[in-house]
Amino acid sequence: MRILNASGCLDALAAPEVARQLDAFVTKTVTPLPREGSAPPRIAETAHGMLNAIGLANPGRERFLAEHLPRLRELGVPLWVSVGGFCADDYAETCSRLGEIETIELNLSCPNVDEAADSAAEIVAACRAATGLALYAKLSAAHPDVADVARAVATAGADGLSLINTLRATALDKHLHPVLARGSGGLSGPALKPVALHAVSVCHEVTGLPIVGMGGIESGRDALEFAACGAHDIALGTVLFGDPGAPARVRAELVPACADAGVATPDDARALAKSPETGRKVPA
Amino acid sequence: MQSLASPSRHSVTGSERVGPYTLLRLERGDLEPGVPGQFFMLEAPGRLLPRPFSLCLAPPGELAFLVDPIGPGTEAICRLRAGDEIGVLGPLGHGYRLDVERPLLVGGGIGIAPLPYLAEQLDGDPPLVLGFRSAEYAGAAALLPGAEVVIDPVLVTELIEPGFDVLACGPEPMLHAVAALCPTAQLAWEAPMACGYGACYGCVVEIDGALERLCLEGPVLDAARVRAHMEAVA
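Line by line, the protein sequences give chains A and B.
Quick note on numbering: the first sequence equals residues 0 to 283 in numbering that gives the first Met the number 0.
Quick note on numbering: the second sequence equals residues 0 to 233 in numbering that gives the first Met the number 0.
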């Protein structure tokens, strides 16, 4: 089981010692043009979670390729680049320009932009035609049937799935006004974990694709639960904010978590997930 | 700066009321106190996210933080008692430059928090002017003996005379007023922060005309760097 960061939850150039604890670093989403992002306030703590409305702040494709990517390569950590856009061509053009990285993660689900995107399958198909790099599709669990979307992106050529993105949500202040300047934002943190476990489980069952599971993971036990629902790898997001040592800690906690659960490794835990072939639990 | 690993655990050595605020004392352990104006992320018991605080005092073997109980996180921190333990990360960000010739320390409300440690680190006894919203709040001036204190509706900016190198911390309107009076002032700003080390992108303010992360660029900034922001809000 590899431990990654959730896109947008770590700046590897500002905190290289955190990035170096990871098995791969996932960049903040890169869009064709620079985006300054949303006005502050951008974050709010809620019960068992937090909201963010960063608004895909990023330097844009050209500056990312010219300035950021070379510096990221110097870290010596395998790189995943998160790609965003507003139509299939946006995504495909960025994919065609990327090389010497491990994986492209297609952000098909940011809750903090208003522009409507083309369908997830259309975007994946365009990117598949544009690059030979591994393509992971990052999906939202807000869709009525995330397994349907997973099946569609698998057919379109995705090599893996990143599950899940934040869920659109609102928090109010003392005077009953939205805390965030945008009004709404993406909910992350422990409140998301049961939603994410379900999404991983049903998407694993219908596609069998490798899955990076994320959503409220704070401990080795949490990570193991994602494996037991079918995730090959996991990503840490909100937990990094309070604990920049979380990747090393979660990795260390996996060993006793496996022992407590009576499995030898996270891969063994994955055997407990519903099988893609049968849709039924495989006997341990 | 402390290298970024898991926060280290520190015992509370004491907690005392100072006016309406709480002065929380922690056993220092291996933490460096850092430069005045730098900040630490303190675990808020029972909450998801830590909270940022500048260092108020650095007595031998301790670090002390001034906390205003304005919400569930700061209230939980104010309820800590001797012997309790919390996680602490820091020092983080950029503090005040101490190479000034005629320092004048200006504080407003909870913004007096970094000034005791700042005054201690500056040579001599720098003059201090403080503003508070009420007599109850002004009780916190006990942390800064010898300071000149005003209470609303008198504004602390009325006490600033020309010719000083101003180092200030306080509410945003006060910092804008100080910047207008003293374009060379060093100002400590505040913003909601989830992480304190550049990961969450939550604490942006307009710096040099663009939205930048306060935790990395500041929290102490030269007044001129936020001028565009001042004009935008004027």
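Glycine residues also receive a C-beta, built at the ideal position from the N, C-alpha and C atoms.
Just so you know, these numbers come straight off a predicted model, no measurement behind them.
Worksheet item: Going by beta carbon distance, what residues of the same chain come within less than 8 Å of Ser200(A), once the five residues before and after it are set aside?
Response: Cys228, Gly229, Ala272, Lys273
Worksheet item: For the stretch 63-80 of chain B, which residues have a beta carbon sitting closer than 9 Å to at least one beta carbon of chain A?
Response: Gly70, Pro71, Gly72
Worksheet item: Under the three-state reduction of DSSP, which class applies to Val11(B): helix, strand or coil?
Response: strand
Discussion item. Spatial neighbours of Cys202(A) within its chain, please: C-beta separation below 7 Å, excluding the five flanking residues on both sides.
Written reply: Val145, Ala146, Ala149, Leu160, Leu162, Ile210
Discussion item. Under 7 Å: does the beta carbon of Gly106(B) sit that close to some heavy atom of the ligand PLP?
Written reply: Within the structure as shown, the ligand PLP is missing, as the structure has no ligands at all.
Practice prompt. Kindly say whether Pro191(B), judged by its beta-carbon, lies nearer than 8 Å to any beta-carbon of chain A.
Written response: yes
Item to complete: From the DSSP output, read off the bridge partner residues of Lys137(A).
Response: Asn106(A), Ser161(A)
Worksheet entry | chain A contacts from the stretch 38-65 of chain B (Cβ-Cβ distance under 8 Å) | Met40, Glu42, Arg46, Leu47, Leu48, Pro49
Worksheet entry | Environment of Gly59(A) [buried if 16+ CB atoms lie within 10 Å] | exposed
Worksheet item: Can you tell me whether Ser133(B) is buried or exposed, with buried defined as 16 or more other CB within 10 angstroms of its CB?
Response: exposed
Discussion item. At the 8 Å Cβ level, is Ser133(B) part of the contact set with chain A, yes or no?
Written reply: no
Fill in: Cβ neighbours of Arg96(B) in the same chain (closer than 7 Å, five flanking residues each side left out)
Gln185
Worksheet item: Of all the alpha helix (DSSP H) runs that stay within the bounds of the stretch 64-100 of chain B, which reach a length of 4 or more residues?
Response: 71-77
Practice prompt. Go to Arg248(A), then tell me how far its beta strand (DSSP E) extends in each direction, as first and last residue.
Written response: No beta strand (DSSP E) holds Arg248(A); the alpha helix (DSSP H) holding it covers 245-260.
Worksheet item: the stretch 232-244 of chain A: which residues have C-beta closer than 8 Å to a C-beta of chain B, in chain order?
Response: Thr237, Leu239, Phe240, Gly241, Asp242, Pro243, Gly244
Worksheet item: Sorted by chain position, which residues of the same chain lie with C-beta nearer than 7 Å to Glu224(A)'s C-beta, five sequence neighbours on each side aside?
Response: Leu196
Fill in: Tyr136(B) beta carbon less than 8 Å from that of Pro243(A)
no
Discussion item. At the level of alpha carbons, what is the spacing between Gly107(B) and Val153(B)?
Written reply: 12 Å
Fill in: Near-chain A residues of the stretch 95-121 of chain B (beta-carbon distance less than 7 Å), N- to C-terminal order
none
Discussion item. Quick check: Ala76(B) and Leu22(B), are their CB atoms within less than 8 Å of each other?
Written reply: Looking at the sequence provided, one finds Ile at residue 76(B) rather than Ala. Their beta carbons are not under 8 Å apart, which means Ile76(B) does not touch Leu22(B) by this criterion.
Practice prompt. If I'm right that Pro68(B) touches Glu42(B) with Cβ under 8 Å, what's the distance once you round it to whole angstroms?
Written response: At roughly 16 Å, the Cβ-Cβ gap does not stay under 8 Å, so Pro68(B) and Glu42(B) are not in contact.
Practice prompt. Mind listing, in chain order, the continuous alpha helix (DSSP H) runs of no fewer than 4 residues lying wholly within the stretch 11-76 of chain A?
Written response: 15-18, 68-72
Practice prompt. Report all residues from its chain with a CB closer than 7 Å to the CB of Pro40(A); omit the five preceding and five following residues, and keep chain order.
Written response: Val178, Leu179, Ala180
Worksheet item: If you draw a straight line from the C-alpha of Pro189(A) to the C-alpha of Glu217(A), how long is it?
Response: 8 Å
Worksheet entry | Which of helix, strand or coil DSSP assigns to Tyr196(B) | coil
Worksheet item: Is the beta carbon of Gly94(B) sitting closer than 8 Å to the one on Pro35(B)?
Response: yes
Worksheet entry | Residue-level contact to chain A via CB, Cys168(B), 8 Å cutoff | no
Worksheet item: Looking only at its own chain, which residues have a Cβ that is under 6 Å from the Cβ of Glu252(A), when we skip the five neighbours before and after it?
Response: Ser218, Gly219
Worksheet item: For Arg50(B), which option in Phe240(A), Ala245(A), Thr264(A) has the closest C-alpha, if you only look at C-alpha atoms?
Response: Phe240(A)
Item to complete: Find out if the Cβ-Cβ distance for the pair Gly83(A), Thr165(A) is shorter than 8 Å.
Response: no
Worksheet item: How would you call Leu175(A), buried or exposed, if buried means at least 16 neighbouring beta carbons within 10 angstroms?
Response: exposed
Discussion item. Is it buried or exposed, Pro193(A), if we count other Cβ atoms within 10 angstroms and call 16 or more buried?
Written reply: exposed
Worksheet item: Using a Cβ-Cβ cut-off of 8 Å (strictly less than) and excluding sequence neighbours within five positions of Asp301(A), which residues of its own chain qualify?
Response: The structure shown does not extend to residue 301(A), since chain A is modelled only from 0 to 283, so the question has no answer here.
Worksheet item: If we count the other Cβ atoms within 10 Å of its Cβ and call it buried at 16 or more, is Arg62(A) buried or exposed?
Response: exposed
Worksheet entry | Residue-chain proximity (Ala170(A), chain B), Cβ-Cβ < 8 Å | no
Worksheet item: Any idea what DSSP makes of Gln120(B), helix, strand or coil?
Response: helix
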